[in-house]
Each structure stands twice: as C-alpha cells, then as structure tokens.
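Here this note's numbering = 1-based position in the sequence shown + 4. Beta carbons are placed, not taken as given, at the ideal position from N, Cα and C, and that holds for glycine. In this text the structure is predicted, and so the values were computed from the model without any measurement. Here's the structure we're looking at; comments come further down.
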Amino acid sequence: MLWNTKIINPQDLINISRGDDKIIHKYLLQFQELIPQRIESLKENLKVEDRKQIRQLLHQMSPQIQFFGIMDLVKPIRRLELDYDTMPIKELNALVETVITKLNLALDDVHLAIKDNF
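Here's what the structure looks like:
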C-alpha cells in the first residue's frame, strides 16, 4: 500500500486494522465523511464564540485524530480542552484555525491514500 502522506501517520491505522485493506478503506472513508462536517461545525461555533461546543467537538474528534496519527494536533486540542473557558478569544480562534488547517491537510492525505490504493 502506498502512503504518500504529509500530515497523517498511518501506522496506528495499519496496526489496528491488522493490515486488512478493507478495514483500512472503511476507516479512511469514515474520516473523509465525518471530518468535513466537524470542520464546518467548528467554524460555525467559532463565529458565535461558543467555547463549550468547540471544546466538545474537539473532544469528540480527538480519538480519530490520534488514530490517524495527526500528532501536531494532540497538544493544541488538549490545551483547548483544558483552557477553553479562560483562554483569550483571539488565542482560541488562532488555535482552532490551526486545527482546521491541519484537518484539511489530513483530508487531502486521506483523499490521496484512497485514490492511490483503492
């Protein structure tokens, strides 16, 4: 299997699926389906400054982000989970924008992995 990825590290995905291409494909499709919806929700909640909902969305995405090996996002998400209510709004916006950018890059990686392998 060809993994020409920039942001995701497929090792956990490969290990958990025991290298089964069907299972890997299922998880890739699931990521491709769920993440764009969650990105939109993050953007909407950012506009209305709903800190609690932003925290909840990031918390829900956290296992998938770790599962796909997007390690650059683990620290910012943990920070947002802990400091979401006290963090200055400008800083919260910047961190969430970083998360969204990296999720979009991860989506590009997933699209490419599906195109090259399935």
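- Excluding sequence positions up to five before and after S45, its CB lies within less than 7 Å of the CB of L61, all in the same chain and listed in chain order.
- In the three-state DSSP reduction, Y31 falls in the helix class (H, G or I).
- For D112, the enclosing alpha helix (DSSP H) begins and ends at I93 to N121.
- Residue V100 holds the alpha-carbon nearest to the alpha-carbon of E48 among M65, Q64, K10 and V100.
- For the set N121, D120 and I74, the Cα lying nearest the Cα of I104 is the one of I74.
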